[in-house]
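*Asks:*
Protein chains in written order, with this note's numbering: chain A, 1 to 459; chain B, 460 to 918; chain C, 919 to 1377; chain D, 1378 to 1836.
#1: Does residue 958 (chain C) pass the burial test, meaning 16 or more other C-beta atoms within 10 Å, or should it be called exposed?
#2: Could you confirm whether any beta carbon from chain C is found closer than 8 angstroms to the beta carbon of residue 567 (chain B)?
#3: Would you mind reading off the limits of the alpha helix (DSSP H) that contains residue 625 (chain B)?
#4: Using a Cβ distance threshold of 8 angstroms, determine whether the stretch 364-383 of chain A contacts the stretch 332-341 of chain A, with at least three qualifying pairs required.
#5: Which residue from D:1789, D:1770, D:1532, D:1695 puts its Cα closest to that of residue 1638 (chain D)?
#6: Going along the chain, which residues of the stretch 993-1019 of chain C sit with their C-beta nearer than 7 angstroms to a C-beta in chain D?
#7: Compare the Cα-Cα distances from residue 1423 (chain D) to each of D:1400, D:1816, D:1492 and report the closest residue.
#8: Nearest to residue 1470 (chain D) by CA position, among D:1455, D:1432, D:1599, is which residue?
#9: Within the same chain, show all residues whose beta-carbon is closer than 6 angstroms to that of residue 1540 (chain D), passing over the 5 residues directly before and after it, in chain order.
#10: In chain order, what residues of the stretch 962-980 of chain C put their CB closer than 8 angstroms to some CB of chain D?
#11: Kindly give me the distance between the Cβ atoms of residue 387 (chain A) and residue 372 (chain A), rounded to whole angstroms, as I take these residues to be in contact under 8 angstroms.
#12: Return the chain-ordered list of same chain residues with a C-beta closer than 6 angstroms to the C-beta of residue 144 (chain A), the five sequence neighbours on each side being excluded.
#13: Starting from the Cα of residue 704 (chain B), find the closest Cα among B:651, B:716, B:678, B:737 and give me that residue.
#14: Measure the C-alpha to C-alpha separation of residue 111 (chain A) and residue 1464 (chain D) and round it to an integer number of angstroms.
#15: Determine, using beta carbons only, whether residue 575 (chain B) comes closer than 8 angstroms to chain C.
#16: For residue 1093 (chain C), which residues in chain D fall below 8 angstroms Cβ to Cβ?
#17: Run through chain C and tell me which residues come within less than 9 angstroms of residue 585 (chain B), C-beta to C-beta.
#18: Since residue 1356 (chain C) contacts residue 1347 (chain C) with CB under 8 angstroms, what's their CB separation in whole angstroms?
#19: Just the Cα atoms here: how many angstroms apart are residue 1780 (chain D) and residue 1733 (chain D)?
#20: What residues of chain A sit near residue 789 (chain B), judged by a beta carbon separation below 7 angstroms?
#21: Please determine if the stretch 1205-1223 of chain C and the stretch 1173-1189 of chain C are in contact, where contact requires at least 3 C-beta pairs separated by less than 8 angstroms.
#22: Going along chain B in order, which residues have a C-beta closer than 7 angstroms to the C-beta of residue 199 (chain A)?
#23: Tell me whether the beta-carbon of residue 1008 (chain C) lies closer than 8 angstroms to the beta-carbon of residue 954 (chain C).
#24: Compare the C-beta of residue 1221 (chain C) against all C-beta atoms of chain D and say whether one is closer than 8 angstroms.
#25: Kindly indicate the opening and closing residues of the alpha helix (DSSP H) around residue 1500 (chain D).
#26: Quick one: is residue 478 (chain B) near chain A, going by C-beta distance under 8 angstroms?
#27: Rounded C-beta distance between residue 511 (chain B) and residue 489 (chain B)? I'm assuming under 8 angstroms.
#28: Residue 922 (chain B) and residue 850 (chain B): beta carbons closer than 8 angstroms?
#29: Residue 917 (chain B) to residue 946 (chain C), Cα distance in whole Å?
#30: Flag this pair as yes or no: are the beta carbons of residue 1628 (chain D) and residue 1617 (chain D) separated by less than 8 angstroms?
#31: Per DSSP, residue 1011 (chain C) forms a beta bridge with which residues?
#32: Determine the burial state of residue 1821 (chain D): buried for a count of at least 16 other Cβ atoms within 10 Å of its Cβ, exposed for fewer.
#33: Which of helix, strand or coil does DSSP assign to residue 1269 (chain C)?
#34: For a cutoff of 8 angstroms on Cβ pairs, would you count residue 1442 (chain D) as touching chain A?
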């Protein structure tokens, strides 16, 4: 947020609304034009910040970040925003996304004498800016951006400016809003809803916006614009259903449309449609609507989730999944059940869910997935396991069905998915479903990401 | 749990499954026949216990408790189970419910030299047992029970016995289960589901069960059995939808039936039915089913809830409710909306919800409540505000409608509710809806509970 | 302190000055006439209290306590002052000393239905008062005192009174002072020095003083006054050298006199006199003065002491003692050294000290002790080990000398000690040196304290 | 320590023995040749480390540091050893001393793109090494040392080497020892005494010692040796009395010699000589010896010191000093008292001490200081206040006497001091007493340190 004397407090509420995007750690940095004020911690937003610490974050501009690690270990030193003091003064950076050439750039910088504080690829941005000979922060940032390959929605804070920038492909969302005279940017519009800010528009792919005491100015530093490659998985799973992302499109009706399309492609006679809560609910409602089969709550979810659970040595069947989910026997007993989920990653959870439903007395279990099979890792900011661990990458759908012990299993088709999401079909990245990565890898990146030796990125 | 060397670990999981019944504090006490092992804390189960602390809770029997305060302040000294060392050895007690004559008994005991450690009415049980001249724990307990008036589902742990007892009215639920050779008791069956125990039956109103190395023995110490007065609000709101309580009845289909009945009694032409999540979901599904109006998710709920939120001085509209709920605009814009909730207590939250929906562009808002108006405080273990604060106690339904700014408001009828729940209509307590308290108050209790001067109990 | 609106803050400073009397835990209770305000914790005074917690301890009267455990385990529930709410209102008690018949009284009280919160013998006082039928606090207290046998300097706080009482033998010190219009009582006068209060006099053995809004009144409830039995070990070791105790007598010159007398009784030709710091310093100065041998610092003490030290597996010689003490080689090398300490308990530390001095190159080591051999446990409030562990109880002086590997060892005589301390020789308890316990034990107490089976008290 | 599998544990004990050199924070870094293991914290050694954390510090070499801040604020990021990962691998550095040109070097490094993590001048060493083009760690270190001006006793740890180096002037002490086959270095020999290591010799001014698997090699990288400028204040006050520093000289007899010399220079007829404890004790003993006036303990010191104290609003006379010191009235009443201290900095404490002694009834008070007046700030690692705050820099001795309200005041002469310490008179730095700084300042340093505008260094 730029331009409100309670900027840090609003930023805190924004982080709270965006907690689903990262639960590992959070931080806020604010500036009053002279000093930076920093508060960071491991854990959830509501545990880290207190009235007192928020009050100490002074100044009329602030940036914040919720982290879920895609690169760099889970250490305090990696908690964002990263802050440094360098030749041009104070600088703080928060980054959503993932750089392809981070470790290559890091090695080069270290050879020139740079010393890194963290494992995070975000720190590369800062050192590139420190090494630039540009006179202004903006010049140095643009020089750094030209060297950075990959996905980034960035916010940067200096003593006088707040800068927001989205990579030329626009992998990750970034929205622009207003709160009276103050400007706000956030990954999703639900952050604006909580604080009562107005959604203006998406920050465009390749756009760089500077906020300072001269107002707001938009830049397009990248000469030749790329075709956008916005993450389709944000619609399928990652964003909150009440958010707008990538323009003026709310997620919930899109998820329902995916479910309706799935009902069309993968009909099966059944008695009830149930979702895997909470993420499968909209698609299951769409499926029920499309198929005419009644929607029911057959699985309940326990939301009092802690970090770790203490399992007795005396083992309990389906222990892990039972901590989150329990069946409602009357809904399932003797029924033909369609269970709708958004995706299958390793298959282990799906298998446990099918067994749980079977134990509750279901006669038939038909699993329906509101996206195509996940076959490839994401290098653009979603934390997927290595390719080897993705059950979709090396098993046929029938093999997966057997593994999860369902009576039938069907996925949504790629075409079905792309037709259900708004805008041009070719403005989305769907590499995790197709292995068609929008940015061609260099040889060094392929080596770095382990793409030749059968392993995925070293994360 | 009685009879398993990992009793404390299973108890911990049971508390985790029952977290919805109390989030203020938790505790577990176990016994190996010689020593008691105690672990207690403020906050959620998943924050209080660690692998290490659970391992220290030795022995093959354990009891646990989640507290949400109906009597006694929120202090560590009130965290249950309460443990003492008295003339017959170690004793621990955990109590769900509320005693009517606790402070009267307390004054009498203090006059005889008793010194209380806590504000909790549960401690009265212990002092009554300490003052009894009975030779055995059982004799002393029964002597104490005869003096106690009100609602109690109790578990007690001594060096050699575990005892479970439910008051003669059976206000609060209590279930009996088995885990292989070990016995388990819990407020709701969802605790059994998590640990994989078998649900046997409800502990009956007025039943007292002793577990020790001679096995399990059932007693019925109360000479003349009372007519049960089981809390109907457990079905309406309090229990988990996947639980069995008060016998072999699952909550979820009963809640749906309340919604179907509501649709019959209070139909209105509309475009969508939406629940107030999460508790309103089953009734809303029932209402949609009964009315034929499509069910939609028009409000999303944020589950990353902390204790306190730091609101900017610059006030935000509907701040409090927005922390939990946000609207999904496409569902509501231009629509005639039926919004279903389980009850209205003070009316303030309902008012904020209606305004939120109105702001999202709804054309008409029809609020439907799946129980009758709440007009009277509960003295049996549900934490209701004083009668003055209950909007239903001193306002007509039309006045409430105006206050919450809905276009229409309808409640389920008492008959409708009692017909939808299982078993005999007159085996339920519905005092919060009717002021018909099953236990006639003594003069002293009326004074104590403030029933004459227009104030409710001094809580 | 009674009668100052910052009573708790002054009490905190008093506890700080008296930290040497107990380092296990501390607590303060204050009263504003209606409520009690309590703050307690494990550890040192300076770690437990904060500006904020002190400010919350409201009211113009307060009592505090530093605990070092002579009875009761080291648990939070034993931290004093103990506070209860009973038939006459709020009550808090802090106790210096030890009761002989605590467990006997406890068993009797439990048979009457009393439930104890702690293991501490102090709680007996409270239950005796709760069971008394007296109308006033004072009547009940006096009734309780008549049943209590042993050593006690007590302060009690009720909603309206502060009461100080010293047992008829006056085992432990208790001083009376004034701060302008307010009254203060403390174990030693050094607490008065810190807060700038004036020392008035000692509270007399058997005296009970009540402070309330009518002023200060002195009572002598015990009909036949006993001959005092004040703890001589307070002069030898326990009190601070700058304190007055047992009247208008400063400790430091008495300790020097013990050293001078020791020089007279146990002269030896030597080059230097060195103390075991810090407690041996005054006696060593007295010895040097008496003998004409130069005083030197041959051992330095490290005051940055934590709770536990992490010793490498690879063992270090004299590890334990080296954490506290190191030698100054130039002082000891080639010298005949007199090393002065106040007492020998188990002998293990003395043995390590002698070896340390020997390693530093001393030619001869003569150990001199400024009190007689410690041969018997204290039952009146000093934490001595069991008789078996006291090296003086079952070994001759020559055997002890051999064990500690000194070239000579001499103790001060009983007569020498009693002549050096002020007042009548027979007004002191010296049971730890003579086994002459001032209060004849009852059979039950002997059993309880294990005096017949060769073991000392079960502590 | 290099070469012992419990290196971190021994390092921890060494830090414990050297706690007097810094109480703000501590840290240990160990290496097993592959990874670095780090544990740091604010506060005392005994509070920071636990058995578990020490056990996690694996490997056979470790360095540690106690910090008391002379440059850089009191933040966690400044806690030493500083650790980085740079082009040559892992590196950790711990620094005792102060660099004159740290901020000048920092600005230059930042202009080349270096980003600093801390405010500490120690980090400059690391960045200089990172920017060097040398092939080996040793080459890079020597290149860095040539650029560093000021006082430094450094230890560095890399994956394979441990390096110790002392600046060419040898301002701060550094000792070399052996523990069986393992090597140890420490600021003072008392660290060796605790772990049972043998003192070998001082590391020489300008000497650089490398420990690795080829053994120990000594280097003298500085071409022209400087005349040493060892800190005389280490003998006067800073080191522990039982330590050897700057060669084979124990501190205690030197301090006594300072006192004896003071008695010769500044005799006064008196009844008692008392020290300001603890640091004034040896000099007071020397004074008593030299003057023939009896030595007494007239002030006692409370060692239970916490960080902060809560003073009542109702002010207490001499509050601050009373927390540490109390008088022993019998020693002082009616006497002519010589009170010996090591130095006077601001004069405020001395003034309070004199008033305390006067209040205790002393007839005459003669203050004697065992060093010359402190007139100038230290830029070599001792934390002195700015010149303006040093009472000796702008007041005559008579003015100081009046301020502290003593009857007489005398300091030791410079010659007296230099004759009492061992070795050549001109091998010591005494700039704080004479303003004769051994290293001529550059213009930039004078600007940086504020030497022209009447303010001292910006600390």
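For each residue, glycine too, the CB sits at the ideal point set by N, CA and C.
*Replies:* Considering the structure as presented:
#1: The residue labelled residue 958 (chain C) in the question sits at position 40 within the third chain. That one is buried.
#2: As a first step, residue 567 (chain B) must be located in the second chain, where it is residue number 108. No, because no Cβ of chain C sits closer than 8 angstroms to the Cβ of residue 567 (chain B).
#3: The residue you call residue 625 (chain B) lines up with position 166 of the second chain. It is not in any alpha helix (DSSP H) - residue 625 (chain B) instead sits in the beta strand (DSSP E) that spans 621-625.
#4: As far as the Cβ criterion goes, the stretch 364-383 of chain A touches the stretch 332-341 of chain A, which means the pair count is three or higher.
#5: For the purposes of this step, residue 1638 (chain D) is identified with residue 261 of the fourth chain, where counting begins at 1. Among D:1789, D:1770, D:1532, D:1695, the Cα nearest to that of residue 1638 (chain D) is on D:1789.
#6: Taken residue by residue, none of the stretch 993-1019 of chain C has a beta-carbon sitting less than 7 angstroms from a beta-carbon on chain D.
#7: Looking up residue 1423 (chain D) in the fourth chain gives position 46. Distances from the CA of residue 1423 (chain D) to each of D:1400, D:1816, D:1492 were compared; the closest alpha carbon is that of D:1400.
#8: Translated into positions along the fourth chain, residue 1470 (chain D) becomes position 93. For residue 1470 (chain D), the nearest C-alpha among the options comes from D:1455.
#9: For the purposes of this step, residue 1540 (chain D) is taken as the residue at position 163 of the fourth chain. Leaving aside the five residues that flank residue 1540 (chain D) on each side, the residues in its chain whose CB is nearer than 6 angstroms to its CB run, in chain order, 1533, 1587.
#10: Going along the stretch 962-980 of chain C in chain order, one finds 962, 963, 964, 965, 967, 968, 969, 972 with a Cβ nearer than 8 angstroms to chain D.
#11: Locating residue 387 (chain A) in the first chain gives position 387, counting from the first residue. Locating residue 372 (chain A) in the first chain gives position 372, counting from the first residue. Contact annotation, residue 387 (chain A) with residue 372 (chain A): C-beta distance approximately 16 angstroms; criterion of less than 8 angstroms not satisfied.
#12: One-based indexing of the first chain puts residue 144 (chain A) at position 144. For residue 144 (chain A), where only same-chain residues beyond five positions count, the Cβ hits under 6 angstroms are 125, 128, 129.
#13: As a first step, residue 704 (chain B) is located in the second chain; it is residue number 245 there, counting from the start. When only C-alpha atoms are compared, the closest one is B:651.
#14: Here residue 111 (chain A) refers to the residue found at position 111 when the first chain is read from its first residue. Here residue 1464 (chain D) refers to the residue found at position 87 when the fourth chain is read from its first residue. Residue 1464 (chain D) has its alpha-carbon roughly 6 angstroms from the corresponding atom of residue 111 (chain A).
#15: Within the second chain, residue 575 (chain B) is the residue found at index 116, counting from 1. By this cut-off, residue 575 (chain B) is an interface position.
#16: Indexing the third chain from 1 puts residue 1093 (chain C) at position 175. In chain order: nothing, as chain D lies at least about 15 angstroms away.
#17: Here residue 585 (chain B) is taken as the residue at index 126 of the second chain, counted from 1. The contacting residues are 1033.
#18: As a working note, residue 1356 (chain C) is residue 438 in the third chain. As a working note, residue 1347 (chain C) is residue 429 in the third chain. That belief holds up - the Cβ atoms of residue 1356 (chain C) and residue 1347 (chain C) are roughly 5 angstroms apart, short of 8 angstroms.
#19: As a first step, residue 1780 (chain D) is located in the fourth chain; it is residue number 403 there, counting from the start. As a first step, residue 1733 (chain D) is located in the fourth chain; it is residue number 356 there, counting from the start. The straight-line gap from Cα to Cα measures roughly 14 angstroms.
#20: As a position in the second chain, residue 789 (chain B) is number 330, starting the count at 1. Residues of chain A passing the Cβ test: 250, 252, 253.
#21: With the cut-off at 8 angstroms, the stretch 1205-1223 of chain C and the stretch 1173-1189 of chain C touch.
#22: As a working note, residue 199 (chain A) is residue 199 in the first chain. Chain B residues near residue 199 (chain A): none, gap ~10 angstroms exceeds 7 angstroms.
#23: Residue mapping note: residue 1008 (chain C) aligns to position 90 of the third chain, counting from 1. Residue mapping note: residue 954 (chain C) aligns to position 36 of the third chain, counting from 1. In this structure, residue 954 (chain C) lies closer than 8 angstroms to residue 1008 (chain C) by Cβ.
#24: Against the third chain, residue 1221 (chain C) aligns to sequence position 303. Among the residues facing chain D, residue 1221 (chain C) is included, as its CB has a counterpart in that chain under 8 angstroms away.
#25: For the purposes of this step, residue 1500 (chain D) is taken as residue 123 along the fourth chain, with counting starting at 1. Per DSSP, residue 1500 (chain D) is one residue of the alpha helix (DSSP H) stretching across 1499-1508.
#26: Taking the second chain and counting its residues from 1, one reaches residue 478 (chain B) at position 19. At least one chain A Cβ lies under 8 angstroms of residue 478 (chain B).
#27: In the second chain, counting from the first residue as 1, residue 511 (chain B) sits at position 52. In the second chain, counting from the first residue as 1, residue 489 (chain B) sits at position 30. Contact flag wrong, Cβ pair sits at about 14 angstroms.
#28: Coverage of chain B is limited to positions 460 through 918, which leaves residue 922 (chain B) absent and any answer about it impossible.
#29: For this step, residue 917 (chain B) is matched to residue 458 along the second chain. For this step, residue 946 (chain C) is matched to residue 28 along the third chain. At residue 917 (chain B) the pLDDT is 33, less than 50, meaning the model places this residue with poor confidence and gives no usable figure here.
#30: The residue you call residue 1628 (chain D) lines up with position 251 of the fourth chain. The residue you call residue 1617 (chain D) lines up with position 240 of the fourth chain. In this structure, residue 1628 (chain D) lies near residue 1617 (chain D), with their beta-carbon atoms less than 8 angstroms apart.
#31: Your numbering for residue 1011 (chain C) matches position 93 in the third chain. Residue 1011 (chain C) pairs with C:1000, C:1074.
#32: Taking the first residue of the fourth chain as 1, we reach residue 1821 (chain D) at position 444. Exposed, since its Cβ has fewer than 16 Cβ neighbours within 10 Å.
#33: Counted from its first residue, the third chain places residue 1269 (chain C) at position 351. Helix at residue 1269 (chain C).
#34: Numbered from 1 along the fourth chain, position 65 holds the residue referred to as residue 1442 (chain D). Using beta-carbon distances, residue 1442 (chain D) does not count as an interface residue toward chain A, since no partner is under 8 angstroms.
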